[in-house]
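Encoded as structure tokens, the structure appears first; notes follow it.
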Amino acid sequence: MAENTQKLLEVRELTMDFGGLRAVDSITLEVCTGEIVALIGPNGAGKTTFFNCVTGIYKPTRGEILVHPPEQKTYKINGFKPNRVTAMGLARTFQNIRLFQNMTVLENVMIGRHCRTTTNILGAILRGKNTNRQERETIERSYELLEKVGLVHFADEFAKNLPYGAQRRLEIARAMATDPFLLLLDEPAAGMNPQETKDLDELIVRIKDTENISILLIEHDMKLVMNISERIYVMEYGKKIAHGSPQEIRSNPKVIEAYLGEGGDDA
Amino acid sequence: MAMISYLKSCLIAAIWFVFLTFPLMVVKVNTLKNTVEWRWMNMLWVAIGAFILSAVWRWAMERRARGASQKEQESSDSDKKPSLGERLLEDPKLYRPLLGLVVALALLMPWVSEMYQVTIWVFALIYVVLGLGLNITVGLAGLLDLGYVAFFGVGAYTYAILNTRFGLDFWICLPIGGLTGALVGVLLGFPILRLRGDYLAIVTLGFGSIAKIVYENWEGVFNGARGIEKIARPGFFGMEMDISAATTFTYYLMLVMVVFTIFVTNRLKDSRIGRAWMALREDEIACVAMGVDMARTKLGAYALGAFWAGLVGVIFASQTTYINPASFDFMLSAIVLSMVVLGGMGSIVGVVIAALVLNLLPEYLRAFEDYRMLVFGAVMVLMMLFRPQGLVSNVRKTYTHSKKVHAEEANG
Amino acid sequence: MDYFLELFLSGLTRGSIYALIALGYTMVYGIIQLINFAHGEIYMIGAFVALVVSGVLTIYGFSGVSILILAALIAIIYSAAYGYTLEKIAYRPLRGAPRLSPLISAIGMSLFLQNYVLLAQTADFLPFPELVPEFEFMEPIAHIMGSAELIILITSAITMIGLTLLIKYTRIGKAMRATQQDMVMARLTGINVDRVISVTFIIGSVLAAIAGVLVGSYIGQINYFIGFMAGVKAFTAAVLGGIGNIPGAALGGLVLGLAEAMAAGYISSAYEDVFAFGVLVLILILRPSGLLGKAVKQKV
Amino acid sequence: MRKSVMKSFVVIALLSMIVPAVGFAADTIKIGVAGPHTGDLAPYGLPTKDAAMMLAEQVNAAGGVLGKQIEVVPMDDQCKPEIATSAATKLVSEGVDIVIGHVCSGATKAALGIYKESNIIAISPSATNPPLTQSGDYPNFYRTIAPDDDQGKLAASFATDKLGAKKIAILHDKGDYGKGFADFSQAAIEAGGKAKVVLFEGVTPGAMDYSAVVQKIRREGADAVIFGGYHPEASKLVGQMKKKRVNVPFIGPDGVKGDGFLEIAGDDAEGVYATGPMDVSALAGNKKAKDDYVAKFGKEPGTFFDQGYAAMQTILNAIKESGGTDSAGLEKALRGSYVDTAVGKIKFDAKGDAEGVGFSVFQVQDGKFVELK
């Protein structure tokens with residue numbers, strides 16, 4: 636890498652209104668190469684809405700979302716369709732797991748390869764050389780990813796039959812299949828037991844180190860957040876109330892108040 | 002005790018249905034002559050029928066509830082064992098001879114049956130292809146299309162008009178019919194595909210009805226309600242064929258169409274495109290978030306389904322030699338849909354079997370004819386309740402990979 | 571001007587029938603997001619029961635108004651019973667199933683009920699007795715508006731006001747609104763959601779039955795298939811007004827009825843159905859939230 | 011699961027092997043009767059079937075024709091073109107010698123090509139679509155009912171000459187039959203030059219009401235309405251015209267002239283005109299046919315009974331005269347001489363239309379259709 640701290644995602648004063656309700660209120664946020672950044676805050680703070688704006692599911696009311704893919708020019712992606720955002724190199728998981736239930740685990744991952752392959756209807760019918768090669772590659776790459784998240788033995792199982800923790804990991808594998816440079820994880824540890832959380836912790840760090848993928852995650856599990864993130868943003872009622880290293884956040888009175896005010900989440 | 006309360010609830014159900022059906026099943030008035038006919042026997046039948054059905058219903062619902070909870074508890078184990086039916090479809094040793102038998106029978110059929118049988122089978126096969134085509138749209142991509150008949154009509158009218166006015170040959174019109182169907186599919190699909198599933202269903206229903214009204218009212222082009230007659234049967238290298246030979250020929254043509262459709266659907270199913278369709282059906286938002294272009298993918302499925310309808314529309318017109326708007330009403334869409342539902346959405350074998358059974362049963366059991374639509378309706382409800390995956394559930398392809406072997410060895 | 575007024579009243583009459591049926595669609599959709607495709611059949615069954623009852627009563631020597639009241643009452647009871655049973659058999663077991671499952675089930679039910687009536691009664695059109703008397707005082711304007719139309723307008727107005735009051739002020743109405751807002755929360759606060767849904771179907775069916783009786787005696791003939799088109803039109807009206815929105819359904823019905831009458835009067839009645847479907851398609855494409863509905867973001 | 015798959019395969023295998031064992035001795039004459047025998051339109055098809063079977067029974071009891079027994083082969087087409095082709099092929103493959111049918115014009119169009127190729131004569135009791143005979147495409151086709159253009163002309167001349175209408179509104183149900191009748195009426199009125207067509211419009215069958223179009227009739231100041239279509243729409247229109255106080259004569263085709271209309275329209279039916287096949291109930295031949303029917307079935311015969319009966323009579327006569335079932339011979343006999351039938355003395359002209367049948371105008375008087383002389 637030519638420059639280690641190049642900005643990948645730069646969000647400027649992002650605002651999202653639903654009717655009269657301001658769900659996200661001029662949030663500014665950055666993620667750089669090789670970073671794990673966490674976005675925390677009480678329930679209903681607007682974190683997932685923020686994700687939805689970045690990944691193109693909602694069109695933000697105001698603000699700029701800039702993406703700087705490595706070695707490419709900068710794109711302003713406001714209002715891009717989700718699939719274009721993904722094609723650009725931003726992949727996400729969902730808070731309430733959204734797998735393709737009636738497809739196999741392997742096929743779920745293979746969907747992630749969709750935007751990196753080109754076979755069209757005619758190609759699929761004729762199954763020419765190109766198609767076969769792409770298909771081969773898709774399968775190989777998907778297996779590789781399943782191996783990385785430890786799900787190879789489930790490859791031919793229907794996604795709906797996986798245990799909960801495995802479903803979360805499958806979502807990560809599926810997102811990684813799109814060859815992203817930035818992974819957006821929406822509460823990846825929700826509903827996991829301590830052992831699973833620990834494994835997840837290692838998995839995320841491994842992804843960052845070995846795959847060269849930066850990570851932006853929303854999480855409630857403070858232990859996980861504090862362990863792995865380099866920087867933390869804190870949101871409350873749509874606004875950013877704090878930003879800093881784990882140490883700084885831990886001692887920030889505003890953050891403590893926000894969390895205590897909520898009745899002491901699992902912090 | 003449990004038994005008694007069980008019977009009691011069945012009895013209550015029976016009484017309830019006797020009450021419900023009383024004015025319509027028992028009473029029949031003739032207002033002209035001012036007479037009433039009391040059909041008390043019907044009441045008895047309803048009572049007995051409702052009692053038995055409610056017993057079966059309760060049993061089935063309990064089984065269904067048990068099945069659901071079991072699945073949660075045991076996760077995957079219960080699903081792992083393939084039933085014989087699935088094995089039949091997967092194991093070449095089992096399905097090859099069977100397939101061979103079916104193919105042999107299909108090929109021999111015109112030589113051992115009368116022309117009437119062949120005609121019936123031609124129409125049954127037309128429904129098979131329609132079912133397979135709709136299966137792409139509804140079964141694979143999850144786009145509920147209630148106006149499928151519109152594309153069928155487009156194909157039929159394309160051939161009818163090109164043939165009777167411009168003298169174009171069947172073989173030229175066959176691809177044109179399919180492409181026109183697909184083109185109309187794209188044109189109609191473009192504005193509506195961002196609609197949610199159930200809205201899409203209603204809008205397509207609207208398109209289907211509009212198409213029929215257009216055929217009826219636009220006399221200059223479609224000849225209105227009079228329809229178009231004297232459409233040519235397919236020729237074969239200029240060979241003169243009498244009606245019986247032409248029917249046999251069309252039968253084989255339809256067999257080829259069926260095989261072709263199955264071939265194409267099968268290839269699509271296990272491809273980048275097919276997987277995207279299924280993913281779209283499973284979860285639209287997750288699908289686009291994974292980089293699938295929704296508009297394009299949906300349009301592809303919609304147009305491809307329309308293509309098949311257009312294609313068989315041409316063959317339909319050539320087989321009947323006369324078409325009028327009345328042939329293209331909503332009921333046809335409903336019938337084809339119920340085939341796809343019965344066969345198992347997305348399952349090719351299932352749709353083929355369902356299309357054949359639903360079409361041929363009323364043909365051979367004439368007594369069944371009157372009850373045909375009633376049964377179709379009931380089938381759609383019952384399938385959704387008890388076997389949403391269809392009679393023959395869709396077996397997902399497994400992909401082999403060098404590493405899989407290792408993993409299995411390590412596990413096993 | 572006279573002509574316009576005539577068309578206007580004709581549209582209003584038709585529109586209020588659409589509105590009555592549309593309310594059933596919209597209430598059900600508001601609560602369980604299901605297009606109750608079989609709702610038109612409930613309307614048809616209401617009309618049929620009224621026909622059978624009034625036929626029997628006529629033969630047994632009852633007279634005018636008592637027939638009207640009894641026939642309407644029994645039709646309402648039966649439609650409600652059918653609506654309740656329909657929900658219990660075909661939709662309730664599918665709660666939580668993929669969105670298309672209950673819709674397919676509903677289409678199946680619609681086919682089933684149509685053919686059930688066809689087989690149990692007849693495929694032919696049947697004459698529906700004129701239950702509404704001709705009022706003397708209407709005679710001077712009978713060429714514009716007859717007694718039947720007056721009754722239709724008044725009845726539907728009263729019904730819709732009643733429904734609004736019911737939903738606004740009664741316990742069950744409040745429960746319905748709560749369930750519509752958020753079914754999970756409603757359940758948590760102790761509302762019996764299943765019961766609310768049943769009641770919703772029953773109310774919708776009652777309205778459909780009223781529409782069925784009114785139309786039957788206005789047009790004078792019914793058959794097993796009248797529910798299909800009426801259902802599609804009413805659904806169009808519900809979407810037009812903003813589905814899930816009760817005043818919207820009423821407004822949508824009136825607008826659609828008026829638009830159809832004007833189109834038939836000033837353009838051609840041959841394209842009547844194209845027109846209705848065209849409105850539906852355009853609304854769904856251009857403004858899926860309808861005239862009065864609010865745009866709702868899908869939850870992710 | 012297993013069972014369902016297996017069963018399906020077994021069903022398919024069995025179905026494909028079904029070869030109905032029909033091997034009859036050659037000394038019967040087979041007459042196919044095709045029409046709607048199930049479904050909505052069955053009331054139009056069943057009377058013909060009953061007529062043919064009843065007559066066959068009588069002839070057989072008397073020793074048959076030319077010493078051969080008559081066998082009637084009924085075949086259902088539900089009035090649908092696509093089913094009619096199957097029905098026609100089935101009749102052909104069962105080896106029928108001649109066909110009575112089909113009933114609906116659309117189904118007839120679809121089936122005629124098949125009979126033509128197999129050199130089989132078809133006599134329809136009810137397919138009134140004019141081109142069937144007039145186009146010359148189907149030399150094997152005959153009918154015992156007059157074509158629709160006659161009917162349209164009659165309706166037009168009745169409106170202009172008898173009723174003295176100057177402004178005529180023509181409505182139709184957009185169907186093959188109704189639109190055809192409306193077209194012929196319009197053409198006849200315009201050719202006659204005695205009146206103007208002020209409104210020509212299709213209405214949608216099954217629409218909730220027709221009040222808008224009724225208002226339109228009033229606005230155009232029409233002094234007569236001609237409607238092409240069937241009785242449900244006609245009764246709805248008549249009812250609404252009465253409600254809206256549009257009191258002008260209403261003329262329908264034979265699709266309106268029936269008990270169905272009287273039943274549904276009730277009091278509103280009074281005074282309505284309808285064209286229909288001439289009243290032949292006074293003829294002895296007709297009386298006998300009807301009496302036989304009532305004696306056998308215990309009810310009045312339905313629509314097209316007379317025509318179906320007459321078709322069977324002409325066939326039997328032609329077989330007798332030509333001495334066999336050879337098509338060329340039958341053709342000659344059918345065109346050759348007048349036969350006394352249930353619809354009067356008829357023979358067929360070169361195109362296949364019956365000479366001696368025609369239409370009259372009827373009016374509902376005291377709840378009954380009465381022929382206006």
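Residue numbers (our numbering), protein chains in the order written: chain A, 636 to 902; chain B, 2 to 413; chain C, 571 to 870; chain D, 11 to 383.
The C-beta atom is built at its ideal place from N, Cα and C for all residues, glycine as well.
Decide if residue i is buried, meaning its Cβ has at least 16 other Cβ atoms within 10 Å, or exposed.
i, result
"D/M322", "buried"
"D/G111", "buried"
"C/N793", "buried"
"C/R741", "exposed"
"B/W172", "exposed"
"B/E230", "buried"
"A/P705", "exposed"
"B/D197", "Inspection of the sequence shows that residue 197 of chain B is occupied by Arg rather than by Asp. B/R197 comes out exposed."
"C/P663", "buried"
"B/M4", "exposed"
"A/T766", "buried"
"B/V352", "buried"
"B/D80", "Unreliable placement is indicated for B/D80, whose pLDDT of 45 sits below 50; the coordinate value is still reported in the next sentence. Label assigned to B/D80: exposed."
Quick check on DSSP: helix, strand or coil for residue i?
i, result
"D/L65", "helix"
"D/F260", "strand"
"D/K357", "strand"
"D/K177", "strand"
"D/E381", "strand"
"D/H241", "helix"
"D/Q373", "strand"
"B/C11", "helix"
"D/K300", "helix"
"D/Y348", "coil"
Could you pull the DSSP bridge partners for residue i from this structure?
i, result
"B/N31", "B/T36"
"A/K875", "A/M870"
"B/I229", "B/I324"
"D/G42", "D/V83 and D/V109"
"A/T640", "Partner(s): none; A/T640 has no beta bridge."
"D/G78", "This sequence places Lys at residue 78 of chain D; Gly is not what is there. D/V75."
"C/Q791", "C/P697"
"D/E365", "D/K357"
"A/L674", "A/I853 and A/Y868"
"D/K206", "D/K177"
"A/C667", "A/K642"
Notebook entry, point to check: Taking Cβ-Cβ distances below 8 Å as the criterion, which residues of the segment 669–692 of chain C are in contact with chain D?
Noted result: none
Margin query: Which residues of the segment 268–286 of chain D have a Cβ closer than 7 Å to any Cβ of chain C? Give them in chain order.
Written below: G270, E273, I274 and G276
Notebook entry, point to check: Unbroken alpha helix (DSSP H) runs of length 4 or more, entirely within the segment 143–174 of chain B: which are they?
Noted result: 150–167
Next item on the list: Pull out every residue of the segment 27–60 of chain B whose Cβ sits closer than 7 Å to any Cβ of chain D, in chain order.
Entry: L33
Next item on the list: Within the segment 213–238 of chain D, note down every full alpha helix (DSSP H) run reaching 4 residues or more, in order along the chain.
Entry: 221–229
Next item on the list: Pick out the complete alpha helix (DSSP H) segments inside the segment 781–814 of chain A, 4 residues or longer, and give them in chain order.
Entry: 799–811
Next item on the list: List in chain order: all unbroken alpha helix (DSSP H) runs of 4+ residues lying wholly within the segment 676–705 of chain A.
Entry: 682–689
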